[in-house]
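Working notes, structure below.
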Amino acid sequence: MPELPKAYNPKEVEDKIYQKWEKSGYFNPDKLPRQGRDVFSIVMPPPNVTGTLHLGHAVMLALEDILIRYHRMKGDKTLWLPGTDHAAIATQTKVEKLLKEKEGKSRHDLGREKFLAEVEKFVSETKGVIKNQIRKMGSSCDWSREAYTLDEPRSFAVRTVFKMMHDDGLIYRGERIVNWCPRCGSTLADDEVEYRTQKAKFYTFRYSKDFPFAIATTRPETKLGDTAVAVNPKDERYKKYIGKTFEIDFVGVSLKLKIIADRAIDAAFGTGALGVTPAHSMADWQMAERNNLPVVKVVDEQGKIRQGFGAYSGKTVAEARNLIAEKLKEDGLIEKEEEIENNLSLCYRCGTPIEPLPSLQWFIDVNKKFKIKGNGIKGYKKGSEATLKELAIAAVKGGQIKILPDRFLKVYYHWMENLRDWCISRQIWFGHRVPVWYKGKETYVGAGRPEGEGWKQDEDTLDTWFSSGLWTFTTLGWPEKTSDFKTYHPTSVLETGYDILFFWIARMILMTTYVLGDIPFKNVYLHGMVRDEKGRKMSKSLGNIIDPLETADKYGTDAVRLSLALGTSPGSDMRLYDEKIAGFRNFTNKIWNIGRYVVEKTKDKKTKIKVKAETVAERWILSRLNGVIGEVTSHLENCEFSQAGEKLRAFSWDEFADWYLEINKIQPNNSLLAAAYSVLLKLWHPFMPYVTEELWPNFGGGLLLVAEWPKAEKKLSDKKAEKDFEFLRSIITAIRGMRADYRIEPAKKVRVVVYAGAKKKFIDSQSEIIKNLARVEILEVEKSGKKPDQSAGMIISGAEIYLPLAGMIDVAKEKNQLEKELGEAEKYLAVIKNKLSNKSFTEHAPKEIVDGEKEKLETQKEKVEKIKNQLKSII
RNA sequence: GGGCGGCUAGCUCAGUUGGUUAGAGCGUUACAUUGACAUUGUAAAGGUCACAGGUUCGACUCCUGUGCCGCCCACCA
């Protein structure tokens with residue numbers, strides 16, 4: 023074994039180790055050396071193929087890898103299935119942008135086929151980059167099962183599901199108001215729309231001099247398409263007009279306006295009258311349906327005014343708005359012009375303002391009943407009927423899907439209950455093309471192209487979330503009846519950021535309950551967003567982006583993983599900054615150096631490892647280690663990554679390194695040391711796989727990756743040893759503080775054996791003490807009262823003792839210290855006294871607490887006395 | 001408009017059914033350093049637990065209200 027360098031150097035080991043893992047084949051559950059009965063599976067949320075890995079991905083990869091490695095070591099059949107998402111709009115937008123920059127061309131210049139070839143070229147490059155970045159994070163996923171949302175098996179599954187839903191009457195085509203992005207030239211789903219508060223001009227005006235009252239709007243240009251004016255039925259001002267129709271001239275365009283009553287109208291807002299524009303407002307469209315109003319389209323797909331509106335035709339929306347406002351002003355029709363704040367709808371991909379407009383689109387009906395296809399949802403039998411909404415709610419309400427943190431349950435229900443039909447068609451080119459073909463008046467829907475000549479496929483593609491909604495089972499081979507599907511579905515955990523709860527998680531539940539009549543996953547773990555040290559979102563414009571790979575290069579992957587997994591809680595945003603990662607880098611180095619020490623002590627020993635704990639310190643560390651195994655295991659079972667890591671970190675540093683290792687220097691038991699440390703390596707492996715794997719060859723055969731997860735054993739738990747060691751530790755601490763004044767419990771006789779004499783110098787470091795205490799142990803003396811052997815050292819029994827070191831006390835400093843201590847002790851004594859003199863406390867509090875207080879009173883009294891005595895003796 | 005989360009040391013955060021004198025990491029200060037580890041060690045300083053009421057013998061913890069910060073949903077014609 024080559025000598026280990028003084029500091030851990032991640033750069034030199036990471037690639038080498040990942041290759042070793044990958045070559046071993048153990049990422050693939052079929053090849054695991056131990057084939058347990060339990061199954062654990064995660065299907066990786068597929069990163070977009072648009073670009074590079076960001077911190078959100080890094081969190082996802084770190085947490086999932088922790089779970090996966092833990093379960094693999096436990097012996098479960100453990101599958102982590104990786105993949106990538108074609109991210110239709112996002113990718114197309116990116117390629118369009120590149121095309122524009124490089125060649126100054128638009129997608130229309132190239133045409134569908136050539137453009138798609140460009141996209142494919144782009145994707146084949148970025149996909150490789152992303153896959154390597156996933157590797158760099160140490161992700162132990164099974165690359166042999168890798169999937170892509172747009173590869174052939176997934177595409178076939180998508181078409182199959184489309185046909186199923188179409189046959190069940192859940193998919194329909196219809197004209198509806200959709201969210202239209204004029205830049206992308208496509209529809210957007212409701213939740214793909216973002217809002218930004220902005221200042222807008224709010225005009226109060228009359229359509230014409232012939233119209234009896236005024237209305238108000240921020241969008242005068244859409245008023246060209248008004249077909250009605252709605253008022254509240256209870257509004258006295260307008261009651262007399264309800265039902266009448268006005269034919270008027272509005273800025274040169276003739277309108278026919280019916281006055282209708284609608285309870286949705288707020289009489290207090292604006293003038294209490296609303297110009298109804300069915301074609302360009304979601305609410306107005308519904309009003310038009312209720313009142314049978316005609317629909318007049320004003321804005322076209324490019325965001326311009328359509329033909330037939332006189333001088334305004336061909337103008338952009340913004341131009342027309344100004345022109346109309348000017349014209350109204352000229353005609354003296356404007357009554358008021360104010361600045362108000364309103365929400366502007368924007369495309370979440372490109373930030374362009376959304377135009378609501380009616381368009382022929384494909385929808386999924388979420389309220390239509392269909393025959394359930396499986397028995398996986400509690401309370402809903404196969405063959406009985408339910409709607410998509412009902413099933414998706416039932417899967418969570420029945421407790422089959424658990425969401426962590428559970429406060430997101432409410433959010434989920436609220437969203438699901440208010441879900442409207444889902445518009446699944448997009449007018450972009452990159453994606454799954456709608457599997458519908460037309461020939462004359464004939465229409466064909468199917469998983470494959472129809473036979474015969476002359477069929478033309480629908481131009482639209484499907485919303486990217488349609489295919490990602492099927493992700494948990496299409497990746498496992500569905501619709502084929504594969505053994506993977508049988509073994510690993512439903513998956514165990516779905517781990518992702520809370521920001522895509524609606525986009526993705528809800529859609530997966532919706533689609534899976536439909537297609538399989540089953541749940542997609544048993545547990546959902548939502549992590550928070552990663553923010554900068556000031557809590558701001560990371561963004562290019564702020565320049566505060568931390569690149570996970572750059573950082574991993576600087577501090578090591580293990581440090582990055584630790585900084586993302588520790589000190590965080592599910593669903594809460596976390597802050598990340600250099601110092602934090604550097605802290606964890608120091609910690610990986612600490613683990614490394616503990617290992618280095620252990621290796622040095624044990625490298626020449628050829629003796630068999632016999633783990634035998636004899637001294638108090640040895641029994642203590644074994645018992646503690648055993649306790650930590652139990653705690654860490656149970657935290658990992660509950661996805662409490664932070665707690666698991668924090669406990670391990672505290673144990674490793676404060677107990678294992680600072681105490682056990684130091685004592686081992688004087689009382690060596692190196693086989694125990696090595697055994698205990700190897701357990702520590704195992705426990706740490708899921709969190710920091712690289713450094714632990716690098717050290718592992720010194721402690722065990724094979725790869726740590728598949729080493730057996732340690733089990734807590736009752737027989738190793740030794741509460742007495744823990745208590746004794748606490749005591750021993752307090753003695754050492756006291757000696758360190760130059761005041762070996764510890765009171766010994768009368769029942770317990772303790773011997774501190776000091777071989778070496780005290781050095782004549784001020785002693786305040788732990789290693790100094792250890793050096794001076796050649797051998798430290800606690801012995802229990804039989805009750806017979808036989809005196810322990812005094813020749814070996816000094817007896818402490820039932821009285822104060824002063825070690826020789828006490829002679830070195832700095833009197834002034836000591837006095838100061840003692841006075842301070844006395845003050846605090848007396849203060850606390852008063853607190854207890856006060857508490858006990860309170861009748862309500864002694865009468866109402868549980869007996870054990872009152873008794874505890876009484877006991878405390880006694881010990882505190884003694885403590886005060888003792889400090890007083892010490893003070894006296896010093897003076 | 002409806003809802004959710006947060007407010008604990010200078011900073012980042014723990015605090016598990018209400019019960020010792022509220023904890024950790026980082027930072028700060030002092031001291032130490034031929035050591036497995038200067039990526040270290042030992043200590044110290046640092047808190048009206050946002051505020052106001054209430055319940056209780058007892059509240060960081062439970063209830064009500066207020067304030068500030070952040071987020072989500074709906075929507076403003």
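Note that the first sequence covers residues 23 to 897 in the working numbering.
All C-beta atoms in this analysis are idealised placements derived from N, C-alpha and C, irrespective of residue type, glycine included.
Query raised in the report: Helix or strand or just coil, what does DSSP make of leucine 851?
Result: Note: leucine 851 maps to helix in three-state DSSP.
Requested in this report: Enumerate, from N- to C-terminal direction, the unbroken alpha helix (DSSP H) stretches of 4 or more residues contained entirely within the stretch 72 to 106.
Outcome: Segments of the alpha helix (DSSP H) lying fully in the stretch 72 to 106: 77 to 96.
Report task. For my contact list, tryptophan 681 and arginine 618 are in at a C-beta cut-off of 8 Å; report their separation, rounded to the angstrom. Result -> At roughly 18 Å, the Cβ-Cβ gap does not stay under 8 Å, so tryptophan 681 and arginine 618 are not in contact.
Requested in this report: Put glycine 649 into one of helix, strand or coil per three-state DSSP.
Outcome: In the three-state reduction of the DSSP assignment, glycine 649 falls in the helix class.
Report task. Tell me, please, which residues DSSP counts as bridged to tryptophan 731. Result -> Under DSSP, tryptophan 731 shares a beta bridge with no residue.
Query raised in the report: Who does asparagine 364 pair with in a DSSP beta bridge?
Result: By DSSP's assignment, asparagine 364 forms a beta bridge with Gln220.
Query raised in the report: Whose C-alpha, out of Ser664, Asn660, Leu670, Thr637, is nearest the C-alpha of isoleucine 651?
Result: When each option's Cα is compared against that of isoleucine 651, the closest is Leu670.
Query raised in the report: Straight-line CA distance for leucine 277 to glutamate 502?
Result: Between the C-alpha atoms of leucine 277 and glutamate 502 there is a straight-line separation of about 58 Å.
Requested in this report: Could you check what DSSP says for glutamine 882 in three-state terms: helix, strand or coil?
Outcome: DSSP places glutamine 882 in helix when its eight states are reduced to three.
Report task. Pull up the DSSP beta-bridge partners for histidine 707, would you. Result -> In the DSSP secondary-structure assignment, histidine 707 is not bridged to any residue.
Report task. Scan the stretch 430 to 510 and note each continuous beta strand (DSSP E) run of 3 residues or more that stays entirely inside, going in chain order. Result -> For the stretch 430 to 510, the continuous beta strand (DSSP E) assignments of 3+ residues that do not extend past its boundaries occur at 458 to 461, 464 to 467, in sequence order.
Query raised in the report: Tell me, which residues are paired with methionine 596 by DSSP?
Result: In DSSP, methionine 596 forms a bridge with Val552.
Query raised in the report: Of the choices Lys508, Gly468, Ile450, whose alpha-carbon is the least far from that of glutamate 481?
Result: When Lys508, Gly468, Ile450 are compared, the shortest CA-CA separation from glutamate 481 is found for Ile450.
Requested in this report: On the DSSP bridge assignment, give the partners of glycine 724 in chain order.
Outcome: Glycine 724 pairs with nothing; no bridge assigned.
**Report entry** beta strand (DSSP E) segment containing isoleucine 346, residue limits
**Finding:** Here isoleucine 346 belongs to no beta strand (DSSP E); instead the alpha helix (DSSP H) covers 339 to 352.
Query - Start and end residues, alpha helix (DSSP H) containing valine 418 - result: DSSP places valine 418 inside the alpha helix (DSSP H), whose first and last residues are 410 to 419.
Query - DSSP-derived helix/strand/coil call for tyrosine 225 - result: Correct three-state label for tyrosine 225: strand.
Query raised in the report: Can you list, in chain order, the stretches of the alpha helix (DSSP H) that have 4 or more residues and sit fully within the stretch 516 to 550?
Result: The stretch 516 to 550 contains these whole alpha helix (DSSP H) runs: 529 to 537.
Query raised in the report: Per DSSP, glycine 297 is paired with what?
Result: According to DSSP, which records beta bridges pairwise, glycine 297 is partnered with Val251.
Query raised in the report: How is isoleucine 14 classed by DSSP in three states: helix, strand or coil?
Result: Here the chain comprises residues numbered 23 to 897, so residue 14 is not present and cannot be evaluated.
Query raised in the report: Beta carbon of phenylalanine 224, beta carbon of glutamate 360: below 9 Å?
Result: Yes.
Report task. Could you work out which residue in Tyr194, Arg218, Ala110 is closest to tyrosine 170 when comparing CA atoms only? Result -> With distances taken between Cα atoms, tyrosine 170 lies closest to Ala110.
Requested in this report: If I'm right that histidine 76 touches proline 711 with Cβ under 8 Å, what's the distance once you round it to whole angstroms?
Outcome: Between proline 711 and histidine 76 the Cβ distance is about 21 Å, and since that is not below 8 Å, they are no contact.
Report task. State yes or no: is the C-beta of phenylalanine 378 within less than 9 Å of the C-beta of methionine 304? Result -> Note on residue identity: the sequence assigns proline, not phenylalanine, to residue 378. Yes; because the gap between Cβ atoms is below 9 Å, this pair is in contact.
Report task. Take glutamine 114 and list the residues in its own chain whose beta-carbon comes closer than 6 Å to its own, dropping the five residues that flank it on each side. Result -> Counting only Cβ-Cβ distances below 6 Å, and skipping sequence neighbours, we find Ile450, Phe452.
Query raised in the report: DSSP three-state call for serine 276: helix, strand or coil?
Result: Three-state result, serine 276: strand.
Query raised in the report: DSSP on isoleucine 613, reduced to helix/strand/coil?
Result: Reduced to three states, the DSSP call for isoleucine 613 is helix.
Query raised in the report: Under the rule that 16 or more other beta-carbon atoms within 10 Å means buried, what is proline 68, buried or exposed?
Result: By the neighbour-count rule (16 or more Cβ atoms within 10 Å), proline 68 is buried.
Query - Cβ-Cβ separation, methionine 66 to proline 104 (assumed contact under 8 Å), whole Å - result: Sure, about 5 Å apart at Cβ, within 8 Å.
Query - glutamate 168 CB to nearest heavy atom of the ligand NAP below 8 Å - result: Ligands are entirely absent from the displayed structure, and the ligand NAP is therefore not among its contents.
Query raised in the report: Thinking C-beta only, is lysine 99 closer than 9 Å to glutamine 155?
Result: In this structure, glutamine 155 keeps its C-beta atom at 9 Å or more from the C-beta atom of lysine 99.
Report task. Classify glycine 829 as buried or exposed, calling it buried when 16 or more other Cβ atoms lie within 10 Å of its own Cβ. Result -> The pLDDT assigned to glycine 829 is 30, lower than 50, so where the model puts this residue is not dependable; a value taken from the coordinates is nonetheless given after this. Glycine 829 should be labelled exposed.
Report task. Report the three-state DSSP secondary structure of serine 563 (helix, strand or coil). Result -> Coil, per DSSP.
Requested in this report: Kindly indicate which three-state DSSP category serine 819 falls into: helix, strand or coil?
Outcome: Only weak support exists for where serine 819 lies, its pLDDT of 26 falling under 50; the coordinates are left without a value.
Query raised in the report: By how many angstroms is the C-alpha of asparagine 691 removed from the C-alpha of threonine 629?
Result: With a pLDDT of only 46 at threonine 629, under 50, the local geometry of the prediction cannot be trusted, and no value is derived from it.
Report task. Can you give me the start and stop residues for the alpha helix (DSSP H) that glutamate 197 sits inside? Result -> For glutamate 197, there is no enclosing alpha helix (DSSP H); the enclosing beta strand (DSSP E) covers residues 193 to 203.
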